[in-house]
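In full-length UniProt numbering, the protein residues as written are 1 to 186.
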Amino acid sequence: MFREDLLKSDRIKITALREEDIETITKWYEDTNFLRVFDFNPSAPKTSWKIREWLMEEVSSSNNYFFAIRKKDANKILGYVEIEKINWNNGVGGIAIGIGDSSEWGKGYGSEALSLAMDFAFRELNLHRLQLITISYNERAIKSYEKLGFKKEGIYREAVNRDGKRYDIYLYGVLKREWKELKKIG
């Protein structure tokens, strides 16, 4: 039996990116708190032209699926989730998520959106594996990833410099069979 709506949960929906979302995403990339948990590059603001160029590349690639995260009853973008760099031959894709509106952090929207994207990746795209990387101090994200079945598979030791301190990057992965077991799908 088909699930009624693969891209909605009780509280959120993941949708196509809209033109008006670009301005909001640009604001997130001016917020160092967002950048320090989402991006491993130096936390420097990016111009709207760079953001637009990046987003256009992401949404036009046949190896990426880019979704805006919205509350189910609203149109305002909360964040985004992306299945990216898909290697179709091997059934492997990366997954990335960011809740850009810091007032919405810690409310579980990221976990819900990630779960919806995982359902899409494993059911609709028939991927075998999803993987992601995160910085070692992003404890809230790590807890979410592990709750959703991701397993820590590797460490890039001292790969990020923040304020003169070195931090590890963790590699996480989940296989389709592990996801099915977690979701209790036959």
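Ideal Cβ placement from N, Cα and C applies to all residues, glycine included. Note that the coordinates shown come from a computational prediction; the quantities given were computed from them, not determined experimentally.
Residues near residue i by beta carbon distance below 6 Å, same chain, minus five either side
i, result
"Y156", "I169"
"V174", "L130, G149, F150"
"A141", "T134"
"K46", "Y29"
"E104", "L78"
Three-state class that DSSP yields for residue i in the structure shown
i, result
"G100", "coil"
"residue 187", "Absent from the structure is residue 187, since the part of the chain shown begins at 1 and ends at 186."
"G110", "helix"
"R18", "coil"
"E158", "strand"
"K184", "coil"
"R166", "strand"
"R11", "coil"
"W179", "helix"
"Y145", "helix"
"A44", "coil"
"W28", "helix"
N-terminal and C-terminal residue of the beta strand (DSSP E) that residue i is part of
i, result
"E124", "No beta strand (DSSP E) contains E124, which DSSP labels as neither H nor E."
Per DSSP, the bridge partner or partners of residue i
i, result
"K152", "Y172"
"G93", "L130"
"I83", "Y65, I95"
"R70", "K13, I77"
Contact set for residue i: own chain, Cβ-Cβ below 7 Å, skip 5 residues either direction
i, result
"S111", "S144, K147, L148"
"D21", "A68, I77"
Sequence-distant residues of its chain with Cβ nearer than 8 Å to residue i (five each side left out)
i, result
"L7", "K13, I14, T15, F67, L116, F120"
"I51", "I22, I25, T26, Y29"
Run of the alpha helix (DSSP H) containing residue i, from where it starts to where it stops
i, result
"L55", "48–60"
"N138", "Looking at the DSSP string, N138 is not in any alpha helix (DSSP H), and its letter there is neither H nor E."
"N33", "32–38"
- Message: For the pair the stretch 45–59 and the stretch 17–31, tell me if three or more CB-CB distances fall below 8 Å.
- Response: yes
- Item | Sufficient close CB pairs (3 or more, under 8 Å) joining the stretch 129–144 to the stretch 165–181 | yes
- Query: Taking one C-beta from the stretch 59–79 and one from the stretch 105–123 each time, how about it: are there three or more such pairs within less than 8 Å?
  - Reply: yes
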